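Take a look at the structure set out below.
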């Protein structure tokens, strides 16, 4: 490897790693803001949270890579331009394309790795993340009994505690409504004091009560008796064991999610698309046969009979020989049949449209794997020439420009994806919309940078601005 190549790669590698992790963090925070309401108050253990956050971070990698390439290439060439290293390289006879060559090779490798990640690891990552999110969303909120408020989060119980000691276990003025009796009877337990602890495995809540009373309804065997007898018991000590297994997070079988388009690689997506297209074609044929057998065969035989006699086909030809009442009945039956056919066809069209929209989602996911990988290369040919034109390094102006450009790219990509989901444009075009628009921009910037244009020379611009105001000030003095 030449010294120049090592120098360029060494200058690029540090900013690339830094901007990549910054991009992952920013995209992960977007995920966190979206799902934070589902995570708070569920009493999740650290292992579950770390596991979810790990897979959520991995799911941002395909999108973080183009952003990291854009920002790091802009920073690298901005630093080289700011310290006149780029000018020294160009003065030695090297073109910008020659200087970018090692970064081009490196970015090609990054693009291939990005595709392999999206095609092979991302489906597994999405499966783990989405199944975990489903389990968390299905889980009940964590046990949270507050003072002076009835808590009904435990199935079959309603608990009110007047006050809770600072240690979290001592309780006072306790009232427990028990509705777990299958016969529907309600039991009420009232106590002045007690203790509340949960077992080590969080399976049971044990409430030890002191100096209280229990009231329970007694089943009335007399159907015509309107009285409601109950039994009252006084106690000095009593324990109430409440099952908390409903608060434990249950793991869902991941096989239920494996057919989702986000959990499939490229070959599986193509196979699923072919299968769905074949199923739609077969469904259309079967529907036509069923509709023909149910409504059209009888009318078709009658039409053939009329046609064989060369008779004029008209409404009267179908009702000849019938009285007025029978004719009205024939018209009513025909109208109902036509209405049923129309409704059946309309319902089947909506059903097939839904299936075709599902196919669009599979196609979108397939082309996403390629478009985000190619976007890494396009971002290099935008960031590197732009950095050499701006000649500003660091995280100041390069960060601002990169964020603005990437937001525009992402908005174009989202717009293309939504238009593809609605069937307005093909997925092949929608998922490549950002790349199609940014590719000419990259070519234009490369041409301008090779021509040593100073279109973004802020120092020169500010100097011209100062000269303008100086001349104007002198003119006024004269």
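In our numbering, the protein residues as written are 1 to 478. Each residue gets a CB set at the ideal place from its N, CA and C atoms; glycine is no exception. Everything numeric in this text was worked out from a predicted model, so none of it was measured.
Three-way DSSP call (helix, strand, coil) for residue 151 in this model: As a first step, residue 151 must be located in the chain shown, where it is residue number 151. DSSP places residue 151 in strand when its eight states are reduced to three.
Any beta-carbon of chain D closer than 9 Å to the one on residue 44? Absent from the structure is chain D; it holds one protein chain and no more.
CA-to-CA distance, residue 292 to residue 308, given in whole angstroms: As a first step, residue 308 must be located in the chain shown, where it is residue number 308. As a first step, residue 292 must be located in the chain shown, where it is residue number 292. Summary for residue 308: the model assigns pLDDT 48, below 50, so the residue's position carries little reliability; its value from the coordinates is reported in the next sentence. The straight-line gap from Cα to Cα measures roughly 21 Å.
Do residue 31 and residue 60 have their beta-carbon atoms positioned less than 9 Å apart in this structure? Within the chain shown, numbered from 1, the residue matching residue 60 stands at position 60. Within the chain shown, numbered from 1, the residue matching residue 31 stands at position 31. It is a contact, given that the beta carbons lie within the stated cut-off.
Any chance you could list the alpha helix (DSSP H) runs of at least 4 consecutive residues sitting entirely within the stretch 53-83, in chain order? 61-82
So, is residue 170 buried or exposed, given that buried needs 16 or more other C-beta atoms within 10 angstroms? The count along the chain shown starts at 1 and reaches residue 170 at position 170. Residue 170 should be labelled exposed.
What's the C-alpha gap between residue 178 and residue 159? On the chain shown, position 178 is the one that residue 178 refers to. On the chain shown, position 159 is the one that residue 159 refers to. Cα-Cα distance, rounded: 9 Å.
To the nearest angstrom, report how far apart residue 360 and residue 421 are at their CA atoms. Numbered from its first residue, the chain shown carries residue 360 at position 360. Numbered from its first residue, the chain shown carries residue 421 at position 421. In a straight line, the C-alpha of residue 360 is about 6 Å away from that of residue 421.
Runs of 4 residues minimum, wholly inside the stretch 425-449: which ones carry the alpha helix (DSSP H) assignment? 427-430
Residue 191 bridges to which residues according to DSSP? As a working note, residue 191 is residue 191 in the chain shown. In the DSSP output, where bridge partners are listed per residue, residue 191 has 174 and 212.
Using only CA atoms, which one of 136, 69, 428 and 263 lies nearest to residue 45? What you label residue 45 is simply residue 45 of the chain shown in a count that begins at 1. It is 136.
Please list the terminal residues of the continuous alpha helix (DSSP H) segment that includes residue 10. Looking up residue 10 in the chain shown gives position 10. Counting along the chain, the alpha helix (DSSP H) containing residue 10 begins and ends at 3-39.
Since I believe residue 374 is in contact with residue 92 (beta carbons under 8 Å), could you give me their beta-carbon distance rounded to a whole number of angstroms? Along the chain shown, read from residue 1 onward, the residue named residue 92 stands at position 92. Along the chain shown, read from residue 1 onward, the residue named residue 374 stands at position 374. Their Cβ separation, rounded to whole angstroms, is 32 Å, which puts residue 92 and residue 374 out of contact at 8 Å.
Tell me the DSSP secondary structure of residue 159 in three-state form. For this step, residue 159 is matched to residue 159 along the chain shown. If DSSP states are grouped into helix, strand and coil, residue 159 belongs with the strands.
With contact counted as at least three CB pairs below 8 Å, one residue from each stretch, are the stretch 425-443 and the stretch 350-370 in contact? yes
At which residues does the alpha helix (DSSP H) containing residue 179 begin and terminate? For the purposes of this step, residue 179 is taken as residue 179 along the chain shown, with counting starting at 1. Per DSSP, residue 179 belongs to no alpha helix (DSSP H) and is neither H nor E.
Suppose the cutoff is 7 Å on Cβ atoms and the five residues either side in sequence are ignored; what does the same chain contact list for residue 265 look like? Mapped onto the chain shown, residue 265 falls at position 265. Cβ neighbours of residue 265 beyond the five flanking positions: 119, 120 and 123.
Using a 10 Å radius around the Cβ and a threshold of 16 neighbouring Cβ atoms, would you call residue 417 buried or exposed? Along the chain shown, read from residue 1 onward, the residue named residue 417 stands at position 417. So residue 417 ends up on the buried side.
On the three-pair Cβ rule with 8 Å, is the stretch 384-400 touching the stretch 73-86? yes
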